Amino acid sequence: MTMEEATLAIEAHLSQYLENPEIAVDVLGYNSKVFYVVTQGAGLGDGVIILPSRGNETVLDAIGKIQGLQSNSSTRMWIARPGSNDCGGDQILPVDWLAVTQRGDTTTNFQILPGDRLYVSEDKLVAFDTKLGKLFSPFERMFGVTLLGTQTARQINFYNQGGNFGGGFGGFGGGQGGGVTGGAGAAGAGGYLGLLQSAQQIRNQRANVAALADSVEQLQASNDAGRIDRFQVDLARQALYNAQSQLLTAEAGYQSSLDGFKITLGLPPELDIKIEDPLLDHFNLLDPDLEQLQARVTSALARLREYRGTMGEAAPDADAAPALPAPPLDLAAIIAECEKLQKLVTERIAVVESDFEKVDAAAPHRREQLRQLAARPEAQSAELDPQLLDPAGLDKRIAQRRRDLDSLKQQIDRLWVQLERFDDDNAMDERELASALIETISSLSGRLLELSLLQAGARLEAITFQPIELNPEQALLIAAVNRRDWQNARASLVDTWRLIYFNANDLLSDLDIVFSGDIGNVGDNPLRIRDTRGRLRVGVEFDAPLTRLSERNVYRQSLIEFQQARRSYYQFRDRIQQGLRSTLRQVRLNEINFELRRAAVLVAISQVDLTQLRLSEPPQVGAEQQFGNTTARDLVQSLADLLNVQNDFLSVWVNHEVQRMGLDFDLGVMQLDPQGLRLEPPCTYAEYYELAMASCIDKRYPS
């Protein structure tokens, strides 16, 4: 029912009661009429919202009902009002949104009628960005790359290589199994290298436990002989128990780290695997076979001492219970067992001699490296001991160890002769033979310990690592040429710069000559077309830059974005330089600290040697029979110091390798095989620098 029909119906009804009633009908609200709010989607599809029309809504009411303008909408809008008949009459009513909302001007806050379309235009910049995304997204998916937009600032954080293989590369290969250093070394590695480092530290701990066990046996023998009190024996035994507990804890921690590494590789933790890699084998300063020989000699010595104790050879004690009968012990079998060890000991001596040959082979490289380290400013400013970095001191140490090895071989030969004499001499009774065997085998145990310490010193001198001769400026140039992300960052900055000129083209003036015309018909016949009824229009259209407000804003925005991109690029470059400087600084520190830790290991070996000799030396005539009150403590402390400096020495070498791998990554020269394993670079850093300099002849890389 229309309004006219409603008026007539109401008047007809009222005419029954009134004479010629006249009424006026107006619409207060519609129940079945709607209007539309159309939001342009900036390339992602337009949105259409249907709202009921009550007859009194304005533009501001309609925008409020859709929760305000969207992020991709502009303030440009209008009302499209369809005509009332087929003859036209459509209207476009522009809306000044800023005037309506900011100045309170209601002139363009039109009332919305049923069927009206309130059209909200898109933001041109957002639409342009969407079109670029549609254009480049297929290429990104095909080539597996990410193209940078003009507002994207590349923020890349690099790994500090103290931990540098995994957090940088500190966790190279999985991020599990970090090593723990003794205190003055370098930061422990993680991942695969960390597992190797932990395994080597466990081997060092086992050697420490074996040395403590042997020392406890020697102290117990000295206590039985009345040369040391019980307190010092208990002190050494307590240290042995602590070392054994630490060994068990380290082994359990290693297994946990290994399970984590399995999960990183995608393997189930219950899979039984064993990691064996010769990378750190040269840090086995103590030969495992020689340690087994020491253990066999220590076992025989313990049986002899127990046998002598049951025979009443220990120091007399008035309150002690009567000694039990001695258990049967075949002394001849012990002598034969010791003689069988002669061949094994000879083989171990040959291994030690081969270690000295490796020292001679590494000596020229060591001398050259010591000269370079001695000339560094940081070595001079630290006031290091001149003998520490003196090549002549290295030669003296090697020569002294060779003399010690020759003397030790002679002492061991005399012990074999003495054992053969015991085997041939039948005049000695069991007590005398047992005491003589204990003295001889104790001397053999001490000589084997000295042999192991000599071997440790020789292997220690043969350990080297590859020096890195590279300054930060050279490293930055290599990275600028080889790093793909740096090249992408430069390309992104150039794209932002080019966009300025692209947007500037929209500010150029336009002068167009416009031709338009039409031709009509005569009368009602549409086919009677005559040129006399035609029109031809010619005009000139000039579009000046002063009238292009939105284009000028886009151009200004592109200028701002270029400044932002340039600052982001500078920050990107500075972070690369910071990472390279930090890595090279740590490398130079490791090279000097490596020699300091080597010297510390040598001192610790000397301390262990002195304390062991103090236990094995016989009492001098007229001197006090007792050892000093600090003998056991000095022995325990020297063994603990040896373990700590061994782990420190290992940690410095491992950290240097981690830093070297991290440097390859930061320079962009790291290469991988098809299985994803790292390959050694085919060129030295000096050669990479020369190639980078050659590439800069044709094109300049900004830094």
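Under this note's numbering, the first residue of the sequence shown carries the number 12, and numbering increases by one thereafter. Quick reminder that beta carbons are idealized off the backbone N, C-alpha and C, glycines included. For clarity, every value in this text was computed on a predicted model and none was experimentally measured.
DSSP state of residue i mapped onto helix, strand, coil
i	result
phenylalanine 47	The residue asked about is misnamed: residue 47 is tyrosine in this sequence, not phenylalanine. Tyrosine 47 falls in the strand class under three-state DSSP.
arginine 548	strand
glutamine 305	helix
serine 26	coil
glycine 673	helix
valine 363	helix
leucine 355	helix
serine 85	strand
glutamate 133	strand
asparagine 532	strand
phenylalanine 526	strand
leucine 690	strand
threonine 507	helix
tyrosine 699	helix
isoleucine 571	helix
glycine 144	helix
tyrosine 170	Reliability fails at tyrosine 170, whose pLDDT of 34 lies under 50, so the model's placement of it is uncertain and no value is given.
phenylalanine 553	strand
glycine 271	helix
threonine 112	helix
isoleucine 213	helix
Buried versus exposed call for residue i [16 or more other C-beta atoms within 10 Å across all chains shown]
i	result
methionine 672	buried
histidine 667	buried
glutamine 78	exposed
valine 59	exposed
asparagine 532	exposed
asparagine 658	buried
tyrosine 28	exposed
tyrosine 252	exposed
glutamate 133	buried
valine 549	exposed
cysteine 694	exposed
phenylalanine 121	buried
alanine 311	buried
glutamate 684	As written in the sequence, residue 684 is aspartate, which differs from the glutamate given in the question. Counting Cβ neighbours within 10 Å, aspartate 684 comes out exposed, since fewer than 16 surround it.
glutamate 68	buried
glycine 115	exposed
leucine 282	exposed
isoleucine 284	exposed
leucine 278	exposed
Rounded C-alpha distance that separates residue i from residue j
i	j	result
proline 327	alanine 250	At proline 327 the pLDDT is 43, less than 50, meaning the model places this residue with poor confidence and gives no usable figure here.
glutamine 212	tryptophan 664	13 Å
alanine 218	glutamine 498	52 Å
isoleucine 587	glutamine 574	20 Å
threonine 86	leucine 276	56 Å
tyrosine 699	glutamate 691	13 Å
threonine 642	glutamine 231	13 Å
leucine 426	threonine 309	16 Å
leucine 109	threonine 558	18 Å
arginine 442	alanine 254	35 Å
tyrosine 265	glycine 199	14 Å
leucine 481	arginine 689	21 Å
From the options, residue whose alpha carbon lies closest to that of residue i
i	options	result
glutamine 466	Ala35, Ser617, Leu129	Ser617
methionine 704	Asp620, Ile540, Glu484, Gln589	Glu484
glutamate 472	Arg609, Val598, Trp108	Arg609
glutamate 15	Val38, Gln27, Asn219	Val38
leucine 570	Asp506, Phe272, Glu602, Val549	Asp506
asparagine 601	Ala410, Pro478, Asp554	Pro478
glutamate 287	Ser209, Gln229, Thr50	Ser209
leucine 395	Leu109, Ala232, Asp116, Ile603	Ile603
proline 774	Gln257, Ala222, Lys44	The shown model of the chain, from 12 to 714, leaves out residue 774, and the question about it has no answer.
aspartate 652	Leu519, Val614, Leu702	Val614
leucine 104	Gly94, Glu33, Thr112	Gly94
valine 7	Trp89, Ser579, Glu228	Given a span of 12 to 714 for the chain in the structure shown, any question on residue 7 remains unanswerable.
tyrosine 566	Leu444, Tyr512, Leu269	Tyr512
tyrosine 318	Leu519, Val362, Ile449	Ile449
glutamine 102	Leu146, Leu129, Glu22	Leu129
aspartate 366	Leu296, Ala393, Lys351, Asp424	Leu296
leucine 315	Ile346, Asp645, Ile61, Glu562	Ile346
arginine 644	Leu455, Ala386, Phe242, Pro149	Phe242
Counting Cβ pairs closer than 8 Å, one from the segment 342-361 and one from the segment 288-304, do we hit at least three? The segment 342-361 is in contact with the segment 288-304.
Between the segment 237-244 and the segment 456-464, do at least 3 Cβ pairs fall closer than 8 Å? Not touching, per the Cβ criterion.
Check whether the segment 527-541 touches the segment 570-584, counting contact only when three or more Cβ pairs, one atom from each stretch, lie closer than 8 Å. The answer is no - the segment 570-584 does not touch the segment 527-541, with fewer than three Cβ pairs under 8 Å.
Does the segment 43-59 come close enough to the segment 136-146 that 3 or more CB-CB pairs lie under 8 Å? Taking 8 Å as the limit for Cβ pairs, the verdict is that the segment 43-59 does touch the segment 136-146.
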